[in-house]
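The number in our numbering is simply the position in the sequence shown, starting from 1, with 11 added.
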Amino acid sequence: MGGSSPPLARLPRLPLLTLLAHGDFARTVAHCASRGLPIATATLPGGRALFFVSRPALAFDFTSAQPGVFSAREDHAAAAPGVVRAAGEAWHARRARLQPLQAPSALEEIVAPAARAHLAALPRAALRLPPPALLATCRGFARRVMHELLFSAQPATPPPLPPPAAARGARRRAAWRRVARGALAVAQLRALLRARRGSFFELAGAFTNAPRKVQRLAASIAARLPRRVSGGGAAAAAAAAAEGGGAPSEEEWVKAQVLLRCGEGAADGAGRRRRDDVLQWLLGEATPPSEAVAYALPIVSDLLAAGAETTAAAIASAALLLAGDEEKRAIAAEEAGRFLSEGDMETLDVRKALTSLRYCRACVMEALRLYPPAPLVMRVANSDTTLHGVDIPKGSAVITSPETLGRDPESWERPNEFLPNRFLDGPAAPPGAYIPFGAGPRACVGQQAALLISTLAIAHLFASSSDDEQSSDDDAEPDESI
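Structure below.
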């Protein structure tokens, strides 16, 4: 894009201490937006530059309009396994194997049946759980659906999770969080100092999801200290049961599934089982068994991790937002109840579901606008270029935040409010303002599957819970944590 922006020498510059103070590149983008800065830069040790973009038009320009100028990874990532870290021809070939996941036939024949088969993992009482337990329940459901999509199989007996620790005092928990924040700051400082040699992908990983990292570090510190073990209450027990698919041995189970399928592929005729799932698409007919494990295992591991987290976050966010708005909740419950009362979940027609559950789908899309699962979108300049009149040297990284773009006041009316109706009639915002699944060629290949699974889950939760809650909870007080 052209324009009258100042040259690079006068561009707002962010000191490294500002990046460390924010602790998260998404917060840095939000900081630029709050200061009215469409773009700002920071220089790393060694001279490489980061550019932070806070306007949708600029985000669209570097993520979608110029795919040949900006790439998602540095060149040395071409040899990386899987799909998240890979680049170049290797990434294109793997992406092509996964492309059927976008087709309407796959949504109809594979995705919808997998979601329907495991809706029981979302119990009728899930909406009464506190938010962390609800999210854990959604993760359990999402993992089961992803197991079905990837492998046509489920773990035979989910290994038990460690029992929850007894609640400690608020003062001690705050101390653990302070220690965790200090440890994270040290790790981020090291990442900045290594940036002259390391990849932008690794640097962005150190500055992504800082609150979650602090929470996990604090939990890790607490786990190493002597503690008493207690039952944790009914809500924690329900969440632990729902999290069965994400038990510690899941990685070994996934590897065993890939090894098993590769062994079947190597067998002569009778030993081979034909399955219509994502792993079958990846292996195809011509993948040598000796190469299949090294090729397929990183890809399905990426898909399982990304797909389960994205879908669980979408379901939990939409459920919590609806639970906090009685009027919108009633609309969703009425639509879902009508859909399910006709028996449509049993003989699921995807096209009819997307037509009949328009409001539930809009609720999911609006939740993704406010709380997108992708915290950052980053591209690397392949050559010297310009953005909004600003010079972008070759090898620089350009970063934006889907959450900041999704709350841009120039693109969205009442941007901080939960208004599902904005998604009922066509595009709700200009290009670049809505990218919860990323944008351009690297956009999530499973976004249509995630939207369908999340929509069916929201319909199931609210249609199933409406009659129960009206009969048993008419006088119940809402959970203040929501």
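Even glycine gets a Cβ: it sits at the ideal position worked out from N, Cα and C.
Bear in mind that the values here come from a model prediction, so they are computed numbers and not experimental data.
Taking the CA atoms as reference points, C371 sits about 16 angstroms from Q458.
When secondary structure is reduced to three states using DSSP, P447 falls in the strand class.
Collapsing the DSSP output to three states places S328 in a helix. Non-local beta-carbon contacts of I342 in its own chain, meaning distances under 7 angstroms to residues more than five positions away in sequence, involve Y370 in chain order. DSSP places R96 in no beta strand (DSSP E); its state is neither H nor E.
Excluding five sequence positions before and after S312, the CB atoms of its chain that fall closer than 8 angstroms to its own CB belong to G93, E262 and V265, given in chain order. Residues F162 and A164 of the same chain have their beta carbon placed closer than 7 angstroms to that of Q268, with the five preceding and five following residues left out of the count. Comparing alpha carbon positions, the residue from A217, C455 and Q77 closest to T322 is C455. By the Cβ test, the region 428 to 447 is in contact with the region 53 to 72, since at least three Cβ pairs between them sit closer than 8 angstroms.
Sequence-distant Cβ neighbours of A378 in its own chain, meaning closer than 7 angstroms and more than five residues away, are A325, S328, A329 and L332. Judged by pairs of C-beta atoms under 8 angstroms, the region 401 to 414 does not touch the region 423 to 439, as fewer than three such pairs exist. With fewer than 16 other Cβ atoms inside 10 Å of its own Cβ, K363 counts as exposed.
DSSP lists T397 as the bridge partner or partners of D402. Straight through space, the alpha carbons of F448 and A230 are spaced by roughly 29 angstroms. Under the three-state reduction of DSSP output, L61 falls in the strand class.
For F73, the three-state secondary structure derived from DSSP is helix. Using a C-beta cut-off of 8 angstroms, the region 40 to 49 makes no contact with the region 389 to 396, since fewer than three inter-stretch Cβ pairs fall below that distance. Put simply, the region 130 to 147 does not touch the region 101 to 118. Fewer than three CB pairs are less than 8 angstroms apart. Per DSSP, the continuous alpha helix (DSSP H) segment holding R349 begins and ends at E337 to S352.
According to the DSSP assignment, T39 belongs to the alpha helix (DSSP H) that extends over F36 to S45.
According to the DSSP assignment, R390 belongs to the beta strand (DSSP E) that extends over V388 to A392. Your pair L30 and A53 checks out as a contact, with CB atoms roughly 6 angstroms apart and the cut at 8 angstroms.
Cβ-Cβ distances below 7 angstroms link R105 to V94, A97 and I310 in the same chain, with the five nearest sequence neighbours on each side left out; the list follows chain order. Counting along the chain, A51 sits inside the beta strand (DSSP E) bounded by residues I50 to T54.
Beyond the five residues adjoining it in sequence on each side, N432 comes within less than 8 angstroms, by CB distance, of A373 in the same chain, given in chain order. Counted as a single uninterrupted DSSP element, the stretch harbouring A114 is not any alpha helix (DSSP H), since DSSP gives it neither H nor E. With a 10 Å radius around the Cβ and a threshold of 16 neighbouring Cβ atoms, D436 comes out exposed.
The beta carbon of R24 is closer than 8 angstroms to those of A51, T52, A53 and T54 in its chain, skipping five residues each way along the sequence. Between R150 and A317 a beta carbon distance of about 13 angstroms is seen, past the 8 angstroms cut, so the two are scored as non-contacting. The beta carbon of V289 sits closer than 6 angstroms to those of L160 and L161, all from its chain and outside the five residues before and after it, given in chain order.
The alpha-carbon separation between L214 and A474 amounts to approximately 44 angstroms.
Here L48 has P23 and S65 as same chain residues with Cβ atoms under 7 angstroms from its own Cβ, once five neighbours each way along the sequence are excluded. Excluding residues up to 5 positions away in sequence, V361, Q459, A460 and L463 lie with their Cβ nearer than 7 angstroms to the Cβ of L118 in the same chain.
Per DSSP, reduced to three states, the secondary structure at F162 is helical.
G451 sits away from S210, with the two beta carbons spaced by 8 angstroms or more. Beta-bridge annotation (DSSP): T411 is paired with V64 and V388.
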